[in-house]
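Asker: One structure follows; several queries about it will come next.
In my numbering, the protein residues as written are 325 to 540.
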């Protein structure tokens, strides 16, 4: 068990409804839950996590089947001090946001160093886009000086995944709002207000940091 999964496990109480997203830390937490043999109602937006759960003897249902969650745990690719997060690489942000909106707490489990002052430009903003709108969206992205590409061989419910890169993400909220308003865009990988706290490692110890708290 890692420092992060051990800390996260202590937040969970018997009988709760829990969502487990994706990433290595969530996988560790899933294993810890199985080992603890807790009576929980489990959900996940991530097929890989549901498969892992099945291999451990856990019945994990799709996240969209939950109508309320006590806690939702997830990973992230980049998070800033205001707890804006980019969850782009997995491409399942629509389902992750469904879990987030149903949860009393949406907690990100972060590898050390992923919580920074600013979102890293090395992590893309990913959009889920209806296939007929992709060509127009790629042209629209040029208005924001974004480099755009369509992921090959990947789709979500028949929709395409479009990755967008910028020199920096200083205006990502404004850009994200305009992209979401574009006809055919289903969801984006920017989590603006959903995250309630993060659990990460600082100075060799697991810590939980909420919105507005000191990040030193």
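The beta carbon of each residue, even a glycine, is placed where N, CA and C say it ideally should be.
Helix, strand or coil for residue 507? Go by DSSP, reduced to three states.
Answerer: Residue 507 falls in the coil class under three-state DSSP.
Asker: Cutting at 7 Å between CB atoms, please list the residues of its own chain near residue 444, excluding the five before and the five after it.
Answerer: Only 402 meet the Cβ criterion.
Asker: Within 10 Å of its beta-carbon, does residue 469 have 16 or more other beta-carbons around it, so buried, or fewer, so exposed?
Answerer: exposed
Asker: Under the rule that 16 or more other beta-carbon atoms within 10 Å means buried, what is residue 407, buried or exposed?
Answerer: buried
Asker: Could you pull out every residue in the same chain whose Cβ sits closer than 6 Å to the Cβ of residue 489, ignoring the five residues on either side in sequence?
Answerer: Answer for residue 489: 448 and 471, listed in chain order.
Asker: Indicate the three-state DSSP secondary structure (helix, strand or coil) for residue 471 in the structure shown.
Answerer: strand
Asker: Quick one: is residue 369 buried, meaning 16 or more other Cβ sit within 10 Å of its Cβ, or exposed?
Answerer: Flag for residue 369 reads buried.
Asker: Quick one: give me the first and last residue of the alpha helix (DSSP H) that residue 421 is part of.
Answerer: 417 to 426
Asker: Could you give the distance in angstroms between the alpha-carbon of residue 332 and the alpha-carbon of residue 440?
Answerer: 21 Å
Asker: Alpha carbon to alpha carbon, how far is residue 400 from residue 503?
Answerer: 21 Å
Asker: Between residue 371 and residue 346, what straight-line distance do the alpha-carbon atoms span, to the nearest angstrom?
Answerer: 9 Å
Asker: In angstroms with no decimal places, state the Cα-to-Cα distance between residue 517 and residue 392.
Answerer: 18 Å
Asker: Closest to residue 513 by CA distance: which of 499, 428 and 521 is it?
Answerer: 499
Asker: Expressed to the nearest angstrom, what Euclidean distance is found between the alpha-carbon atoms of residue 394 and residue 429?
Answerer: 7 Å
Asker: What ranges does the beta strand (DSSP E) occupy inside the segment 345 to 419, keeping only unbroken runs of at least 3 residues that lie completely in it?
Answerer: 365 to 368, 384 to 386, 393 to 398 and 402 to 404
Asker: Nearest to residue 362 by alpha carbon, out of 519, 341 and 375?
Answerer: 341
Asker: With a 10 Å radius around its C-beta and 16 neighbouring C-beta atoms as the bar for buried, classify residue 376 as buried or exposed.
Answerer: Looking at its Cβ environment, which holds 16 or more other Cβ atoms inside 10 Å, residue 376 is buried.
Asker: Ignoring anything shorter than 3 residues or poking outside the segment 427 to 471, list the beta strand (DSSP E) runs there in chain order.
Answerer: 427 to 433 and 449 to 453
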